[in-house]
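Have a look at the structure below before the remarks.
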Amino acid sequence: MIYGDKTTGVLVQGATGKQGEFHIGLMNAYAKQVGGRGVVAGVTPGKGGQQVHGVPVYNTVREAMRDHDIGAAVIFVPAGAAADSIMEEANAGIPTIVCITEHIPVHDTMKAVAYAKVQGSVVIGPNCPGLLSPGEVKMGIMPAQLFSRGNVGVISRSGTLTYEVVDELTRAGIGQSTVVGIGGDPVIGQTFVDVLERFEKDPETKAVVLIGEVGGNLEEEGADSTDMPIVAYIAGVSAPPDKRMGHAGAIVEGGEGDARSKISRLKKNGVPVASRVSEIPAMVKDLFLCRC
Amino acid sequence: MKLREYEAKKVLREAGIPVPSGVLIRQAEELSSHLDALGDAIVLKAQVDVGGRGKAGGILMADRVTALAKARELFSKQIRGLPVKEILAEQKLAIQKEYYLSITVDRSAKQPLVLFSDAGGVEIETTAKENPGAIRKAVALPLMRDLPPFMLRELAGKAPKEVMPVINKLYRLFLEKDALLAEINPLVVTPDGVFAADAKIIIDDNALARQGITVNRDLSEREREAEKHGFSYVELDGTIGVIGNGAGLTMSTLDLIEYYGGKAANFLDVGGGAESDRVMNAVRLVAGVPSVKVIVVNLLGGITKCDEVAKGIIAAGISQRVIVRLAGTNEAEGRRLLSEKGYEMLDTMDLVVKKAVEVAA
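Taken in sequence, the protein lines are chains A and B.
The opening position of the first sequence corresponds to residue 438 in the working numbering, with each subsequent residue numbered one higher.
The opening position of the second sequence corresponds to residue 649 in the working numbering, with each subsequent residue numbered one higher.
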């Protein structure tokens, strides 16, 4: 397991908002199903003393930390306040901070991620679906019914595309150890390199599916940084240059970060790259055959 | 959003970075009252939102005598298909040496990246290939208000020391203006000091509101309409309309269309938890593109309700064929509603895309 397990107490920032409330319900339904602790506290400034699905709400993260053992936080607050939430949690000493919020200005993210690093916290996201370790813990918004427990780690810059891949894996009988959505923004906390480093130390993870997209070169950096067996998929082969494809980070700029050059660099380094999502399960099975 | 050159230069001037004296004109005659201020050598630069402007004939040299005629000539031109509505007329600089300076967001370092190169006037990508030794780099901690002096010295190298305050002022501006890119190319040395001869600034789309920018000029009219509905939308030039949820899944659907030999007409991400109204608006928006022959709807999500999506597709009431792949709650009900009205619903994204490519062919 990476980032957390059944014993991890989760705090939700933005607990009384529509999204926060909805996903506290789903996260705790999952925790109940797997026998985990789930969301133990919520935070919304000015709403301290309320309850959301039986979870106590506090005005500040520090107050919540006084009453609960908290190992991770999930942020559902609007874009204008999300970077502040990251910094509040880092300052309070929460080791893993998952930021679901989309549309945070890049400069806010850069500052918050730099501050979190100084405080010794890691940030997953922003603009991400969070993570899920089947049978252990769900931190975020991933649809748990598609997942099954196993030995394949998944790292992705996307949300629904990740669910598509997980669905294909599960249908093919390939379970997952932990699935991490690292986010679709240009600046994100944990990159492929960071998550792969955790997977390397995780006895449950034997192989990794890396799901990337156009923009930057974090996928290639990740693949170069590890000896783990990897299958990759890169979205955006047909994306035109200089157009943002939905994600703020999905853009080919100055002739860099296009899907074809990513794919050729990955292949050059011995990483098999699927040209369709539906090819991924068979390629993962091949990976295991090769290792035997 | 990319600022036009005259807007970028205004930002630089306000930040204390010297720019050539100049004037923005919307017709040639406006130039006559400024000729005295501009002096004998004048540069006329078309303010159009395309790259490679110089090569496309968008920059003309003139003097006091020819300025008006040259301005008229430039106004009558099309630069890469765009009409010239604004010209920046500037005093020509007596250039002794040109440098390159830019600040971008480094995705790996998660910090601002400052680049300074001795090869000014050349695109940085070209210098990186042909003369990488000319580029000096520094990564700044975004929590720092100023670049430390050692970094400025390292970046400037043997360039005149006047460039150092310019680098720091550009760094401050990069932070204050929510820039994704702030580039001065070339930064020129003249007998009168250093000047930003050309400038490019791109503002983060997620920060436009707090920067006081109300309209994102980089978007087409249809892209802007889509934005109002909360969709991410990109216009493409094929015949297969695409509606998906999530940027990655939608991109992946476009790629699959290309894989099977078709061409997508658009990228449209409806976002999560789509309800019938949103789906209806999305279908109508895509169907409104004249070239669209068939529409692929590919929605996957734990919380997407298939019956809501089906209702939205039916309510849109469009003439083109719609082929649907849905996975989520109430799948059976969605399928029943769609098949009642004669719509096709298939099980996988491979199947819907293959079918759509056949229909469009």
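From the three backbone atoms N, C-alpha and C, an ideal C-beta is built for every residue, glycine too.
These figures come from a predicted structure and were not determined experimentally.
Cβ-based neighbour list, residue i, same chain, cut-off 6 Å, excluding 5 preceding and 5 following
| i | result |
| --- | --- |
| Asp766(B) | Ala782 |
| Lys657(B) | Val667 and Ala847 |
| Val606(B) | There is no way to answer for residue 606(B), as the model of chain B reaches only from 649 to 1009. |
| Glu658(A) | Val630 |
| Val477(A) | Gly446 and His505 |
| Asn929(B) | His877 |
When the options are compared against residue i, the one with the closest alpha-carbon
| i | options | result |
| --- | --- | --- |
| Ala963(B) | Gly729(B), Pro834(B), Val931(B) and Thr898(B) | Val931(B) |
| Asp925(B) | Ala757(B), Ser987(B) and Asp955(B) | Asp955(B) |
| Met649(B) | Ile891(B), Ala830(B) and Glu981(B) | Ala830(B) |
| Gly462(A) | Lys443(A), Thr481(A), Gln488(A) and Gly508(A) | Gln488(A) |
| Pro493(A) | Asp521(A), Gly479(A), His540(A) and Pro515(A) | Gly479(A) |
| Asp1010(B) | Ile665(B), Val691(B), Lys911(B) and Val945(B) | In the structure displayed, chain B extends from 649 to 1009; residue 1010(B) sits before or after that span and is not available. |
| Leu741(B) | Val1007(B), Val1001(B) and Asp688(B) | Asp688(B) |
| Ala980(B) | Thr775(B), Met993(B) and Ile971(B) | Met993(B) |
| Thr444(A) | Gly694(A), Gly472(A), Val560(A) and Val632(A) | Gly472(A) |
| Gly949(B) | Thr977(B), Arg969(B) and Ile961(B) | Thr977(B) |
| Ala549(A) | Thr453(A), Glu458(A) and Ala518(A) | Ala518(A) |
| Ala646(A) | Lys705(A), Gly683(A), Phe725(A) and Asp695(A) | A quick correction: the sequence has Val, not Ala, at residue 646(A). For Val646(A), the nearest C-alpha among the options comes from Phe725(A). |
| Val617(A) | Gly530(A), Lys455(A), Arg713(A) and Lys575(A) | Lys575(A) |
Beta-carbon proximity check, residue i vs residue j, cutoff 8 Å
| i | j | result |
| --- | --- | --- |
| Ala676(B) | Val732(B) | no |
| Gly562(A) | Val603(A) | no |
| Asn528(A) | Gly621(A) | no |
| Met438(A) | Ser570(A) | yes |
| Ile688(A) | Arg681(A) | yes |
| Val940(B) | Ala913(B) | yes |
| Ile735(B) | Ala710(B) | no |
| Val770(B) | Tyr748(B) | yes |
| Gln613(A) | Gly587(A) | yes |
| Gln450(A) | Ser522(A) | yes |
| Val624(A) | Val498(A) | no |
| Thr607(A) | Ser585(A) | yes |
| Glu601(A) | Leu897(B) | yes |
| Val511(A) | Gly590(A) | no |
| Gln759(B) | Pro790(B) | yes |
| Val559(A) | Thr533(A) | yes |
| Leu904(B) | Arg594(A) | no |
| Phe798(B) | Ile751(B) | no |
| Gly457(A) | Gly508(A) | no |
| Ile961(B) | Tyr991(B) | yes |
| Val942(B) | Arg969(B) | yes |
Cβ neighbours of residue i in the same chain (closer than 7 Å, five flanking residues each side left out)
| i | result |
| --- | --- |
| Gln859(B) | Lys825, Asp826 and Ile851 |
| Ala855(B) | Asp826 |
| His460(A) | Phe513 and Ile578 |
| Leu598(A) | Ile648 and Ala672 |
| Tyr552(A) | Met524 and Ala527 |
| Leu902(B) | Val890, Ala912 and Phe915 |
| Met720(A) | Val668, Pro709 and Ala711 |
| Arg701(B) | Ala694, Ile707 and Ile727 |
With 16 other Cβ atoms within 10 Å as the buried cut-off, status of residue i
| i | result |
| --- | --- |
| Cys729(A) | The predicted position of Cys729(A) is uncertain, since its pLDDT is 43 and thus under 50; a value taken from the coordinates is nonetheless stated next. Cys729(A) comes out exposed. |
| Glu423(A) | Since the first residue shown for chain A is 438 and the last is 729, residue 423(A) is missing from the structure and cannot be characterised. |
| Lys699(A) | buried |
| Gly475(A) | buried |
| Arg793(B) | exposed |
| Leu763(B) | buried |
| Thr887(B) | buried |
| Asp506(A) | exposed |
| Asn893(B) | buried |
| Glu656(A) | buried |
| Gly653(A) | buried |
| Thr862(B) | exposed |
| Glu650(A) | buried |
| Gly626(A) | buried |
| Ala975(B) | buried |
| Asp840(B) | exposed |
Residues of its chain near residue i, where Cβ-Cβ distance is below 8 Å and the 5 sequence neighbours each way are ignored
| i | result |
| --- | --- |
| Ala715(B) | Leu679, Leu683, Leu686, Ile690, Leu692 and Ala737 |
| Glu875(B) | Asn864, Leu867 and Tyr881 |
heavy atom of the ligand ADP below 7 Å from residue i C-beta
| i | result |
| --- | --- |
| Asn528(A) | Among the ligands in the structure shown, none appear at all, so the ligand ADP cannot be discussed. |
Practice item. Any chance you could list the alpha helix (DSSP H) runs of at least 4 consecutive residues sitting entirely within the segment 896 to 965 of chain B, in chain order? Key: 924 to 935 and 954 to 964
Report task. Jot down the residue ranges of each uninterrupted beta strand (DSSP E) in the segment 557 to 631 of chain A, minimum 3 residues, whole runs only, in chain order. Result -> If one requires a minimum length of 3 residues, the beta strand (DSSP E) runs lying completely within the segment 557 to 631 of chain A are 559 to 561, 567 to 570, 574 to 577, 586 to 593 and 613 to 618, in chain order.
Runs of beta strand (DSSP E) lying entirely within the segment 644 to 729 of chain A, each at least 3 residues, in chain order
644 to 650 and 667 to 672
* Mind listing, in chain order, the continuous beta strand (DSSP E) runs of no fewer than 3 residues lying wholly within the segment 727 to 753 of chain B? => Within the segment 727 to 753 of chain B, the complete beta strand (DSSP E) runs of at least 3 residues are 735 to 739.
In the segment 874 to 907 of chain B, which residues sit with their C-beta less than 8 Å from some C-beta in chain E, listed in chain order?
Judged by its chain identifiers, the structure shown contains no chain E, and its protein chains are A and B.
What residue ranges within the segment 464 to 544 of chain A form continuous beta strand (DSSP E) runs of no fewer than 3 residues, ordered along the chain? Listed in chain order, they are 476 to 480, 492 to 495, 509 to 512 and 533 to 536.
Item to complete: Kindly provide the ranges of any alpha helix (DSSP H) runs that are 4 or more residues long and lie completely inside the segment 780 to 829 of chain B, ordered along the chain.
Response: The segment 780 to 829 of chain B contains these whole alpha helix (DSSP H) runs: 797 to 804 and 811 to 824.
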